[in-house]
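Q: Note that the sequence shown covers residues 10 to 283 in the numbering used here. Even for Gly, the Cβ is constructed at its ideal location relative to N, Cα and C.
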Amino acid sequence: MNYMDYLKTQDFPLFWCGGCGNGAVLGAIVRSFAALCYSKEETVVVTGIGCWGKADDYVTTNSFHGTHGRALAFATGIKLANPKLQVVVLMGDGDGVTIGGNHFIHAARRNVDVTAILVNNYNYGMTGGQYSGSTPLNSITSTSRYGHIEEGFDICQLAIAAGAPFVARTSSDDPLAMQRFITAGLNKKGFSLIEVIAPCPTHFGKNNGMRNAADLMKWVKERSISVARAHTMNEEELALKLIMGILTDTEREDYGSKYSRVIAAAQEGRRDIK
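#1: Enumerate, from N- to C-terminal direction, the unbroken beta strand (DSSP E) stretches of 3 or more residues contained entirely within the region 228 to 276.
#2: According to the Cβ coordinates, are ALA80 and VAL54 closer than 7 angstroms?
#3: Inspect the beta-carbon positions of ASN120 and ASP258 and report whether they are closer than 7 angstroms.
#4: Specify whether the region 35 to 49 and the region 182 to 190 touch according to this definition: at least 3 beta carbon pairs, one from each stretch, less than 8 angstroms apart.
#5: State the start and end residues of the unbroken beta strand (DSSP E) segment that holds PHE73.
#6: For the candidate residues ALA33, HIS115, ILE126, SER143, whose alpha-carbon lies nearest to that of SER181?
#7: Using 8 angstroms as the cut-off, can you tell me whether the region 117 to 132 makes contact with the region 197 to 213, which would need three or more C-beta pairs spanning the two stretches below that distance?
#8: By alpha-carbon positions, which one of LEU167, ILE164, TYR131 ends up nearest to THR150?
#9: Excluding the 5 residues preceding and the 5 following GLY109 in the sequence, name in chain order all residues of the same chain whose CB lies nearer than 6 angstroms to its CB.
#10: Just the Cα atoms here: how many angstroms apart are LYS230 and ASN216?
#11: How about the region 168 to 182 and the region 238 to 255: do they share at least three Cβ pairs that are nearer than 8 angstroms?
#12: According to the neighbour-count rule (16 or more other Cβ atoms, all chains shown, within 10 Å of its Cβ), is TYR15 buried or exposed?
#13: In the DSSP output, which residue or residues are listed as bridge partners for GLY101?
#14: Which residue from ALA207, GLY57, VAL236 puts its Cα closest to that of ALA223?
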């Protein structure tokens with residue numbers, strides 16, 4: 010498969026604003042599909058609402074466009090109904106951990122065998138730049154004109170605390186790392202999270218003194234550190250830093266496999282689950 014086979018090029022140009030990282034993330038996803046020779050018929054891209062939720066408009070795989078915050082709930086049902094499917098969930102920070110935070114926690118806790126690619130643009134981009142659950146402290150948004158007073162979620166640490174076996178973070182200006190982490194997540198049995206930092210240029214960037222994509226890329230780069238360097242820093246030094254790389258990669262039985270054992274036990278008239 011060529012990665013272009015997974016794209017509806019007839020629907021180009023892309024919906025997103027100039028300077029937005031969503032197009033780069035979509036490119037990394039379809040290149041990963043091609044590298045793994047994914048069948049379009051056995052791949053499902055599940056999205057919610059928001060700027061990144063428009064991504065399913067451009068793929069030739071099966072897709073499911075759900076309601077705001079519920080992408081992981083729909084993806085869980087799809088995967089349990091047909092475990093042979095490769096289920097990929099595309100969410101933003103507003104969709105994934107603000108409105109959809111409870112689904113996010115439980116999908117990681119259950120270890121549902123889906124790959125979640127969460128693009129963190131630090132606000133609600135589509136609806137006017139309101140703050141989200143990941144908006145950094147003191148940031149200016151359309152709903153925090155004097156500076157955001159809440160601490161934003163560390164989305165990767167939230168996933169790790171909830172039990173996700175594979176968690177990685179990268180940024181939209183690093184296409185090689187994006188593809189590498191997405192491919193690793195797709196290959197992982199269980200819940201995988203790849204967070205991609207891609208600040209919104211139209212709202213977050215403009216409201217915080219970064220008028221173009223280059224300024225945003227510089228802002229991300231200045232805050233980014235490797236996993237190895239993070240291990241040498243204390244909590245105060247790590248404040249506001251973005252740890253880039255694979256943050257956890259462990260083994261744990263996935264939810265679908267456990268569920269299959271329950272079904273097998275029931276069919277054999279057993280109450281024990283082995």
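A: From the atom records:
#1: 233 to 235, 251 to 258
#2: Stepping through the sequence shown from its first residue, residue 80 is reached at position 71. Stepping through the sequence shown from its first residue, residue 54 is reached at position 45. Not in contact: ALA80 and VAL54 (Cβ atoms no closer than 7 angstroms).
#3: As a first step, residue 120 is located in the sequence shown; it is residue number 111 there, counting from the start. As a first step, residue 258 is located in the sequence shown; it is residue number 249 there, counting from the start. Taking 7 angstroms as the Cβ cut-off, ASN120 and ASP258 do not qualify as a contacting pair.
#4: yes
#5: For the purposes of this step, residue 73 is identified with residue 64 of the sequence shown, where counting begins at 1. From DSSP, the beta strand (DSSP E) with PHE73 extends over 71 to 74.
#6: As a position in the sequence shown, residue 181 is number 172, starting the count at 1. Comparing Cα positions, the closest option is ALA33.
#7: yes
#8: Taking the sequence shown and counting its residues from 1, one reaches residue 150 at position 141. Of the listed residues, the one whose Cα sits closest to THR150 is TYR131.
#9: Your numbering for residue 109 matches position 100 in the sequence shown. Excluding residues within five positions, the ones whose Cβ falls inside 6 angstroms are GLY78.
#10: Along the sequence shown, one-based indexing puts residue 230 at 221. Along the sequence shown, one-based indexing puts residue 216 at 207. Roughly 19 angstroms between the two C-alpha positions.
#11: yes
#12: Indexing the sequence shown from 1 puts residue 15 at position 6. Flag for TYR15 reads buried.
#13: The residue labelled residue 101 in the question sits at position 92 within the sequence shown. Per DSSP, VAL128.
#14: To locate residue 223, count along the sequence shown from 1; it is residue 214. Among ALA207, GLY57, VAL236, the Cα nearest to that of ALA223 belongs to ALA207.
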